[in-house]
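*Asks:*
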Ligand SMILES: Cc1cc2nc3c(=O)[nH]c(=O)nc-3n(C[C@H](O)[C@H](O)[C@H](O)COP(=O)(O)OP(=O)(O)OC[C@H]3O[C@@H](n4cnc5c(N)ncnc54)[C@H](O)[C@@H]3O)c2cc1C
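Residue numbers (our numbering): 6 to 418.
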């Protein structure tokens, strides 16, 4: 069902509880896990959308939880406002993205959930519960990234800032150099990330820093070559070929990773942070203590080099500062992320299993919306505040109205 008002949503939750059905909200279904699956009532977000208020003095914007990030970014830009940081795409809903800890890369600025200043959610008893640092702070600590376990988020208030410009510098760099200089690149740039191309010693780096502007987007030809041809069109062909004839992948990777060239451009934040991703893939991403990431990446490279695996998708490395959200992958620790991908339709288990073994040996925390095999026992070890979250869940949803198989695995009964 797709409620058009919060009242209708509360009524649906109450009715489901009475009828003994479980309830789950879905966003745009961009998670790689079954986080949004249910055998009961599925709440769809499309009728709960849009900005509901802007407070320029406080520097906040309140949006309905089903708002798609792209619509939010466009509407904010129209008001000369912007979020501080965001992920690679903007197709997800506000509630879906924040509920799994969707993040980009940042030295000082953290995930989208960490930019939340207040939120409202419908809890299992049908109440509308508001929370912020001042109001129900123990709920606020957890519900910004609730994996759908605490209630149905209806409204989110974000910190925003006056629209600004970012200058992006994309530059190919060798694996040895990027890993040796990783700490410096992170310290010297507001947003540093890089992609390593398996079977090669080649990486592409991206540094985004604030600038005075004016906007100088990539020229039409460069944008088409880099964003459409290399990142989508040709990449699609290369992946299809690699899936059909895996032995060609290393040679293709060497050519493809050299085809990228350095470029610099300036634009408003969402046009720099996000780009179209049309080639379909499966992804696993782990958050590691920052100081472990280079070692883990070297282990990953050594593992790929000595294995028969053929990987046509680059490995993405990003960072986040420590935050204060109970189950954020960056909760309480400076973090770096390593994401492994496989072209959809290619067997990914062997690669992901070997990668996951490396990540978990470094106390990695998997992204809540991406492939992983971890369970509650593991999470209790890598999240010092895990018990705080499950205790809150016991209080807000004792009968597991919002439960599903995924939550049973990751949070326990
Ligand atoms: C192409 C692609 C690129 C991606 N890029 C990134 C990236 O750069 N960074 C990153 O961190 N992740 C990335 N992701 C992962 C993605 O951001 C997350 O999986 C996100 O959760 C998807 O949002 P969604 O709206 O599709 O939510 P869904 O996948 O539909 O749902 C996710 C979770 O949120 C819950 N939920 C949804 N709505 C509500 C609500 N109203 N109240 C309570 N719970 C709710 C669902 O029950 C479920 O548990 C990417 C995924 C894809 C496919």
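Cβ atoms here follow ideal geometry from the backbone N, Cα and C, with glycine treated the same way.
If residue 210 and residue 183 are in contact, beta carbons under 8 Å, what's the gap, nearest whole angstrom?
*Replies:* Contact holds; Cβ gap of about 6 Å.
*Asks:* Ends of the alpha helix (DSSP H) at residue 255?
*Replies:* From DSSP, the alpha helix (DSSP H) with residue 255 extends over 254 to 264.
*Asks:* Just to confirm, is the Cβ distance from residue 267 to residue 176 under 7 Å?
*Replies:* For residue 267 and residue 176, yes; Cβs fall inside 7 Å.
*Asks:* Any heavy atom of ligand 1 inside 6 Å of the beta-carbon of residue 107?
*Replies:* Yes, Cβ of residue 107 sits closer than 6 Å to a heavy atom of ligand 1.
*Asks:* Residues in the same chain with beta-carbon distance under 7 Å from residue 126, minus the five sequence neighbours each way, listed in chain order, please.
*Replies:* The residues are 134, 148, 155, 156, 157, 158 and 159.
*Asks:* At a threshold of 6 Å, does residue 280 count as lining ligand 1 (C-beta to nearest heavy atom)?
*Replies:* Flag unset: Cβ of residue 280 not near ligand 1.
*Asks:* Which one of 192, 191, 208 and 193 has the shortest CA to CA distance from residue 419?
*Replies:* Shown here, the chain extends from 6 to 418; a query on residue 419 therefore has no answer.
*Asks:* Suppose contacts are defined by Cβ-Cβ distances below 7 Å. Is residue 316 in contact with residue 403 by that definition?
*Replies:* No, they are not a contact pair.
*Asks:* Would residue 50 be called buried (16 or more neighbouring beta carbons within 10 Å of its own) or exposed?
*Replies:* Buried, because 16 or more other Cβ atoms sit within 10 Å of the Cβ of residue 50.
*Asks:* Should residue 330 be counted as a contact of ligand 1 given a C-beta to heavy atom distance under 6 Å?
*Replies:* It does not: the Cβ of residue 330 is nowhere closer than 6 Å to a heavy atom of ligand 1.
*Asks:* Since residue 300 is in the beta strand (DSSP E), which residue starts that stretch and which ends it?
*Replies:* Residue 300 -> not in any beta strand (DSSP E); alpha helix (DSSP H) instead, spanning 298 to 311.
*Asks:* Can you give me the start and stop residues for the alpha helix (DSSP H) that residue 35 sits inside?
*Replies:* Looking at the DSSP string, residue 35 is not in any alpha helix (DSSP H), and its letter there is neither H nor E.
*Asks:* With burial defined as no fewer than 16 other Cβ atoms inside 10 Å of the residue's Cβ, what is the status of residue 120: buried or exposed?
*Replies:* Buried: at least 16 other Cβ atoms inside 10 Å.
*Asks:* Excluding five sequence neighbours on each side, which residues of the same chain lie with their C-beta closer than 8 Å to the C-beta of residue 247?
*Replies:* Contacts found: 253, 254, 257, 315, 317, 348 and 351.
*Asks:* In terms of residues, what are the limits of the alpha helix (DSSP H) holding residue 236?
*Replies:* That residue, residue 236, is in no alpha helix (DSSP H); it is neither H nor E in DSSP.
*Asks:* Let's test the definition: count the other Cβ atoms within 10 Å of the Cβ of residue 143 and tell me whether it reaches 16, buried, or not, exposed.
*Replies:* Residue 143 is exposed by the Cβ-count criterion.
*Asks:* Can you tell me whether DSSP reads residue 88 as helix, strand or coil?
*Replies:* Note: residue 88 maps to coil in three-state DSSP.
*Asks:* Please give me, in chain order, every unbroken run of the beta strand (DSSP E) with length at least 3 that falls completely inside the stretch 338 to 388.
*Replies:* As far as the stretch 338 to 388 is concerned, its whole beta strand (DSSP E) runs of at least 3 residues are 340 to 348.
*Asks:* Can you tell me which of 307, 313, 239 and 260 puts its alpha carbon nearest to the alpha carbon of residue 282?
*Replies:* Looking at the Cα atoms, 239 is the closest of the given residues.
*Asks:* Do you know whose CA, among 69, 12 and 105, lies nearest residue 291's CA?
*Replies:* Nearest option by C-alpha distance: 105.
*Asks:* Need the endpoints of the alpha helix (DSSP H) that residue 413 sits in, please.
*Replies:* Per DSSP, residue 413 belongs to the alpha helix (DSSP H) from 410 to 416.
*Asks:* Per DSSP, what kind of secondary structure is residue 399 in: helix, strand or coil?
*Replies:* Looking at residue 399 - three-state DSSP - the assignment turns out to be helix.
*Asks:* Is the beta carbon of residue 128 less than 7 Å from the beta carbon of residue 99?
*Replies:* Cβ distance not < 7 Å, so residue 128 and residue 99 don't count as in contact.
*Asks:* Determine contact between the stretch 54 to 68 and the stretch 162 to 171, defined as no fewer than three beta-carbon pairs at a distance below 8 Å.
*Replies:* They touch, by the three-pair rule.
*Asks:* Assuming contact is defined by CB atoms lying nearer than 7 Å, are residue 329 and residue 335 in contact in what I supplied?
*Replies:* No, they are not a contact pair.
*Asks:* Rounded to a whole number of angstroms, what is the C-alpha to C-alpha distance between residue 102 and residue 372?
*Replies:* Rounded to whole angstroms, residue 102 to residue 372 spans 11 Å at the Cα level.
*Asks:* Taking the alpha helix (DSSP H) that residue 424 falls in, what are its first and last residues?
*Replies:* With the chain running from 6 to 418 in the structure shown, residue 424 is simply not present.
*Asks:* How close, in whole Å, do the beta carbons of residue 274 and residue 169 come, if the pair is a contact with beta carbons under 8 Å?
*Replies:* Indeed, because the Cβ distance is near 7 Å, the residues count as touching under 8 Å.
*Asks:* If you scan the stretch 18 to 68 from start to end, which runs of the alpha helix (DSSP H) of 4 or more residues do you find wholly inside it?
*Replies:* Whole alpha helix (DSSP H) segments, 4+ residues: zero.
*Asks:* Nearest by alpha-carbon distance to residue 331: which of 242, 41 and 151 is it?
*Replies:* Checked all of 242, 41 and 151; the closest Cα to residue 331 is 151.
*Asks:* Would residue 380 be called buried (16 or more neighbouring beta carbons within 10 Å of its own) or exposed?
*Replies:* Exposed: under 16 other Cβ atoms inside 10 Å.
*Asks:* Enumerate, from N- to C-terminal direction, the unbroken alpha helix (DSSP H) stretches of 4 or more residues contained entirely within the stretch 140 to 212.
*Replies:* Counting whole runs of 4 or more residues, the stretch 140 to 212 contains the alpha helix (DSSP H) stretches 142 to 148, 180 to 185 and 187 to 193.
*Asks:* Using the C-alpha atoms, what's the distance from residue 384 back to residue 74?
*Replies:* Spanning the two alpha carbons is a distance of roughly 29 Å.
*Asks:* Return yes when at least one heavy atom of ligand 1 lies under 6 Å from the C-beta of residue 346, else no.
*Replies:* Every heavy atom of ligand 1 is 6 Å or more from the Cβ of residue 346, so no.
*Asks:* Following the continuous beta strand (DSSP E) through residue 323, name the residue where it begins and the one where it ends.
*Replies:* Looking at the DSSP string, the run of the beta strand (DSSP E) that includes residue 323 is 320 to 325.
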